[in-house]
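Chemist:
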Amino acid sequence: MLNMAKNYTNEDELIQACKEQNAQAQFALFEKYKVAMFNLIYRICNDYDQANDYLQEGFIEVFRNIKNFRNESTLGAWIKTIMIRKALKGIRSEIAFEELNENIQSNDLMLDQWIDAVMLDQAIRNLPESCRAVFVLYEIEGYSHQEISNMLKVSVGTSKSQLHYAKKLLQKALSKTYYSK
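Residue numbering for the sequence shown is 1 to 181, as defined by full-length UniProt numbering.
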């Protein structure tokens with residue numbers, strides 16, 4: 001049985017050990033980033049089981065490609081980029097089914113309760129995929145439009161317009177909920 005107790009306090013040491021396919025280091029890396037990456041993916045894909053699948057697939061890709069990591073960004077940013085791409089790729093492959101479900105689920109926001117964090121989270125999850133990704137990255141994760149542009153392979157202008165559109169949709173959804181009481 002593997003002893004997973006080694007504590008990697010130096011990120012460079014952790015990266016090097018992962019490049020050498022050290023199971024302890026891979027476990028330590030997974031433990032360090034799994035919660036943050038799951039939350040990010042879940043906000044993008046809006047499905048608990050899918051988020052777990054994308055998280056596992058993402059870490060497999062991280063471990064396969066860590067030998068290519070060159071410290072051009074932080075390790076966390078590099079991993080986030082992989083996770084975001086993995087989630088978006090998965091969502092795109094299911095987009096035909098998602099469009100049908102989004103139409104059915106759009107009425108879920110018309111609840112007879114007050115606006116709170118749960119309702120905002122639900123409204124965010126009901127955003128179209130491209131708007132949701134930009135909104136989460138900009139407003140929740142704190143990335144700049146330039147960073148989002150690089151991650152999602154869209155222009156800065158597209159990032160800004162998607163954010164604006166997401167905010168309008170959220171405002172509309174939440175105001176409908178508020179006034180339908």
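For each residue, glycine too, the CB sits at the ideal point set by N, CA and C.
These numbers were taken from a predicted model, which means no experiment stands behind them.
Residue 153 by DSSP, collapsed to three states: which one?
Modeler: Taking the first residue of the sequence shown as position 1, residue 153 is located at position 153. Reduced to three states, the DSSP call for residue 153 is coil.
Chemist: In angstroms, rounded to a whole number, what distance separates the CA positions of residue 159 and residue 139?
Modeler: Along the sequence shown, one-based indexing puts residue 159 at 159. Along the sequence shown, one-based indexing puts residue 139 at 139. Approximately 12 Å, taken between the alpha carbons.
Chemist: In whole angstroms, what separates the C-alpha of residue 155 from that of residue 149?
Modeler: Taking the first residue of the sequence shown as 1, we reach residue 155 at position 155. Taking the first residue of the sequence shown as 1, we reach residue 149 at position 149. The alpha-carbon atoms of residue 155 and residue 149 are separated by roughly 5 Å.
Chemist: Do residue 162 and residue 133 have their CB atoms nearer than 9 Å?
Modeler: If you number the sequence shown from 1, residue 162 lands on position 162. If you number the sequence shown from 1, residue 133 lands on position 133. Closer than 9 Å, so yes.
Chemist: Would you mind sorting residue 90 into buried or exposed? The rule is 16 or more other CB atoms within 10 Å of its CB.
Modeler: As a first step, residue 90 is located in the sequence shown; it is residue number 90 there, counting from the start. With 16 or more Cβ atoms within 10 Å of its Cβ, residue 90 is classed as buried.
Chemist: Which stretch, first to last residue, makes up the alpha helix (DSSP H) that contains residue 64?
Modeler: On the sequence shown, position 64 is the one that residue 64 refers to. Taken as a continuous stretch (DSSP letters only), the alpha helix (DSSP H) holding residue 64 covers 48-65.
Chemist: Could you have a look at residue 27 and say whether DSSP puts it in helix, strand or coil?
Modeler: Counting from 1 along the sequence shown, the entry for residue 27 is found at position 27. It is helical.
Chemist: Report the three-state DSSP secondary structure of residue 147 (helix, strand or coil).
Modeler: Working through the sequence shown from its first residue, we reach residue 147 at position 147. Here residue 147 sits in helix by DSSP.
Chemist: Whose C-beta lies closer than 6 Å to the C-beta of residue 50 among residues of the same chain, with five residues either side of it excluded?
Modeler: On the sequence shown, residue 50 is found 50 positions in, with the first residue counted as 1. Once the five neighbours on either side are set aside, residue 50 has no close Cβ partner at all.
Chemist: Going straight from the alpha carbon of residue 106 to that of residue 145, what length do you get?
Modeler: Residue numbering aside, residue 106 sits at position 106 when the sequence shown is read from its first letter. Residue numbering aside, residue 145 sits at position 145 when the sequence shown is read from its first letter. With a pLDDT of 48 at residue 106, under the threshold of 50, the modelled position of that residue is not reliable, and the figure given next carries that caveat. Going from the Cα of residue 106 to the Cα of residue 145 covers about 28 Å.
Chemist: On a CA-only basis, which of 157, 67 and 129 is nearest residue 21? Give me that one, please.
Modeler: Residue mapping note: residue 21 aligns to position 21 of the sequence shown, counting from 1. The candidate whose alpha carbon is nearest that of residue 21 is 67.
Chemist: Just curious, the alpha helix (DSSP H) that residue 130 is in, first and last residue?
Modeler: The residue you call residue 130 lines up with position 130 of the sequence shown. 129-135 is the span of the alpha helix (DSSP H), which, as asked, contains residue 130.
Chemist: Which word fits residue 72, buried or exposed, when buried means at least 16 other C-beta atoms lie within 10 angstroms of its C-beta?
Modeler: Within the sequence shown, numbered from 1, the residue matching residue 72 stands at position 72. So residue 72 ends up on the exposed side.
Chemist: What is the rounded straight-line gap between the Cα of residue 151 and the Cα of residue 81?
Modeler: Within the sequence shown, the letter at position 151 stands for residue 151. Within the sequence shown, the letter at position 81 stands for residue 81. Distance between the alpha carbons of residue 151 and residue 81 is about 6 Å.
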